[in-house]
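Peer 1: Below are the structure tokens for one structure; questions will follow.
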Amino acid sequence: MDSVGESRPRPLTVHELSDHIEDAFVSAEVGVADLLDAAIRSHARPVVFAALNRLPQRRFHSVLDVLSELPEVSVDVSHPGGSVAPTPQISPGGGV
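No gaps in the numbering here: position 90 of the sequence shown is 90 in UniProt numbering, and each next residue is one more.
Laid out in structure tokens, this is it:
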């Protein structure tokens, strides 16, 4: 029997991760510590910190550079915060 208060945690999305780390990129390159600091300042969920702690200890040039190291981050639009717009379905007659 499911409890009303029980729910699965939302998976981390590209949009959510970007929102929490984009402010770190005020300088040319940032390290994992800089990304973690940005996540702390933006009150990120624990799943953001878990992802950032999986990153290799190197310098990153952009959010896309970070995302290239985290291929498991969801871009699923069925979750709140998804960053990819749904593709419109086009009927054979050309309508949407």
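Note that CB positions come from ideal geometry on N, CA and C, so glycine has one too. Given the structure is predicted, the values throughout are model-derived calculations rather than measurements.
Count the other C-beta atoms from every protein chain shown that fall within 10 angstroms of the C-beta of L64, then say buried if there are 16 or more, exposed otherwise.
Peer 2: Classification of L64: exposed, given that the 10 Å Cβ count is below 16.
Peer 1: For I40, count neighbouring C-beta atoms within 10 Å of its own C-beta (all shown protein chains included) and say buried if the count is 16 or more, exposed if not.
Peer 2: exposed
Peer 1: Kindly identify the DSSP beta-bridge partner or partners of F25.
Peer 2: Beta-bridge pairing links F25 to no other residue.
Peer 1: Which value, in whole angstroms, describes the spacing of the CA atoms of T13 and V75?
Peer 2: 6 Å
Peer 1: Is it true that the CB of L55 sits closer than 8 Å to the CB of V47?
Peer 2: no
Peer 1: Please state the DSSP three-state secondary structure of V30.
Peer 2: strand
Peer 1: With distances taken Cα to Cα, identify the nearest neighbour of S42 among N53, E29, R58 and A24.
Peer 2: Ranked by Cα distance from S42, the options N53, E29, R58 and A24 are led by A24.
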